[in-house]
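**Student:** Encoded as structure tokens, here's the structure I'll be asking about.
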Amino acid sequence: MSTWTSMIVVCWTSAVVFPPLALLGGTMPSPALLWQPVVIGLLFLAGQLFTFLSVARGDVSIAAPVLGIKVLIVPAAAGFVVDEELPARVWVAAAVAMVGIAFVQARDAAVDRSRILAAVGYALLAACSMTLFDLLIQRWAPAWGAGYLLPIAFGCAAVSSLLFLTVADRPTDIRQAGAVRPLMFGAVLMAIQAIGMTLTLGLYGDATRVNIVYSLRGLWGVLLTWIVSRHAPAGDAQPSHRTMLLRFVGAVLIGMAVVISVV
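Numbered according to our numbering, the sequence shown spans residues 6 to 268.
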């Protein structure tokens with residue numbers, strides 16, 4: 006199943022679950038400001054695309070921890086987007102995270118270096134896209150109200166995702182591959198994650214602390230990859246214990262950086 010298919014399904018699933026938020030109420034600013042939810046929607050679309058590419062063309066045990074540095078990019082960018090002062094501890098956390106990323110990029114003969122570079126590159130693009138996404142929700146939601154801004158933004162993301170229909174899988178191919186159920190299950194989980202994080206950002210702001218949950222998933226990504234690799238067929242190329250241990254150390258360092266940056 007292609008990256009494009011996953012992105013389209015996630016965007017439309019999110020667009021379907023967000024409209025009930027309109028019950029929270031809000032205000033409709035001047036039509037001249039309708040570009041704001043459009044920008045937020047496009048950033049969500051870009052974030053999903055780069056996230057899926059980091060896994061499909063890279064390696065999930067590398068992509069997940071690198072995505073974790075989003076929590077460091079958020080406070081670094083907050084001073085420019087939402088006028089928040091950057092505390093000194095964030096720079097300490099950034100240094101720890103950089104060391105963690107170096108460990109996460111550990112490889113051996115079983116891992117193609119091009120996949121490592123793809124995972125890191127796409128994951129960083131995803132982190133930057135979602136950083137702006139989070140901060141702009143925090144900045145613009147007070148004027149709109151979360152109940153109006155978020156449904157419009159995710160609707161824009163869904164409509165924009167249709168531009169990729171020509172490169173997505175056909176429904177018959179998805180059914181024949183038996184991928185409908187896992188695809189929908191994953192899309193619903195991602196929509197639930199999105200509604201939880203964005204609603205919190207829209208109502209309360211504080212993007213830095215909200216991102217701690219998202220960032221710590223890098224540790225679990227490495228652990229799950231390690232467990233799954235132990236049960237893979239013997240003929241399949243798998244990262245060595247040493248490589249996975251170094252990646253685990255890197256994930257732990259990124260987790261420490263997350264804690265330093267928000268405590």
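All C-beta atoms in this analysis are idealised placements derived from N, C-alpha and C, irrespective of residue type, glycine included. Fair warning: this is a prediction, and the values are worked out from it, not measured in the lab.
#1: Is the segment 191-201 close to the segment 65-80, with three or more CB pairs under 8 Å?
#2: For G101, which residues from the same chain have a beta carbon less than 7 Å from its beta carbon, with the 5 sequence-adjacent residues on both sides left out?
#3: Under 8 Å by Cβ, that's how I've got I13 and A173 pegged, so tell me the actual separation to the nearest angstrom.
#4: Can you tell me whether DSSP reads S35 as helix, strand or coil?
#5: Only counting the same chain, and skipping five residues up and downstream in sequence, which positions put a Cβ closer than 7 Å to that of R144?
#6: Quick one: what's got a C-beta closer than 7 Å to G210's C-beta in the same chain, skipping five residues either side?
#7: Can you name the start and end residues of the alpha helix (DSSP H) that D64 belongs to?
#8: Out of G31, I106, L129, which has the shortest C-alpha to C-alpha gap to S59?
#9: Would you kindly check if the distance between the Cβ of T10 and the Cβ of W149 is under 9 Å?
#10: Less than 9 Å between the beta carbons of I200 and F23, yes or no?
#11: Just curious, the alpha helix (DSSP H) that T10 is in, first and last residue?
#12: Does DSSP put I142 in a helix, a strand or coil?
#13: Measure from the alpha carbon of A162 to the alpha carbon of each residue in G52, R252, T205, R214, then state which is nearest.
#14: In the DSSP assignment, find the alpha helix (DSSP H) that holds F253 and state where it starts and stops.
#15: Regarding P187 and the ligand PLP, is the C-beta to nearest heavy atom distance less than 8 Å?
#16: Any idea if P70 is buried or exposed, counting beta-carbon neighbours within 10 angstroms, 16 or more meaning buried?
#17: Given a cut-off of 9 Å, decide if L54 and A131 are closer than it, judged by their beta-carbon atoms.
**Tutor:** The answer reads as follows:
#1: Counting Cβ pairs under 8 Å, fewer than three are found: no touch.
#2: Residue mapping note: residue 101 aligns to position 96 of the sequence shown, counting from 1. Note that residue 101 corresponds to Val in the displayed sequence, not to Gly. When the five nearest sequence neighbours on each side are left out, the beta carbons in the same chain lying within less than 7 Å of the beta carbon of V101 are those of L258, M261, A262, I265, in order along the chain.
#3: Against the sequence shown, residue 13 aligns to sequence position 8. Against the sequence shown, residue 173 aligns to sequence position 168. By a beta-carbon distance limit of 8 Å, I13 contacts A173. Their separation comes to about 6 Å.
#4: Position 30 of the sequence shown, counted from the first residue, corresponds to residue 35. If DSSP states are grouped into helix, strand and coil, S35 belongs with coil.
#5: Reading the sequence shown from its first residue, position 139 is the one you call residue 144. Taken in chain order, the residues that qualify are V86, V87.
#6: Taking the first residue of the sequence shown as 1, we reach residue 210 at position 205. So the list reads Q143, once near-sequence residues are dropped.
#7: Taking the sequence shown and counting its residues from 1, the one referred to as residue 64 is at position 59. Unbroken run through D64: none, as it is neither H nor E.
#8: Position 54 of the sequence shown, counting from 1, holds the residue named residue 59. Taking only the C-alpha atoms, the option nearest S59 is L129.
#9: Position 144 of the sequence shown, counted from the start, is the residue given in the question as residue 149. Position 5 of the sequence shown, counted from the start, is the residue given in the question as residue 10. For W149 and T10, no; Cβs fall outside 9 Å.
#10: Here residue 200 corresponds to residue number 195 of the sequence shown, with the count starting at 1. Here residue 23 corresponds to residue number 18 of the sequence shown, with the count starting at 1. Yes, Cβ-Cβ distance for I200 and F23 is below 9 Å.
#11: For the purposes of this step, residue 10 is identified with residue 5 of the sequence shown, where counting begins at 1. First-last of the alpha helix (DSSP H) with T10: 8-22.
#12: In the sequence shown, residue 142 corresponds to position 137, counting from 1. Looking at I142 - three-state DSSP - the assignment turns out to be helix.
#13: For the purposes of this step, residue 162 is taken as the residue at position 157 of the sequence shown. Closest option to A162, Cα to Cα, is G52.
#14: Within the sequence shown, numbered from 1, the residue matching residue 253 stands at position 248. For F253, the enclosing alpha helix (DSSP H) has its first and last residue at 246-267.
#15: This structure lacks the ligand PLP, and indeed carries no ligand of any kind.
#16: Position 65 of the sequence shown, counted from the start, is the residue given in the question as residue 70. Around the beta carbon of P70, 16 or more other beta carbons lie within 10 angstroms, which makes this residue buried.
#17: Reading the sequence shown from its first residue, position 126 is the one you call residue 131. Reading the sequence shown from its first residue, position 49 is the one you call residue 54. Contact: yes.
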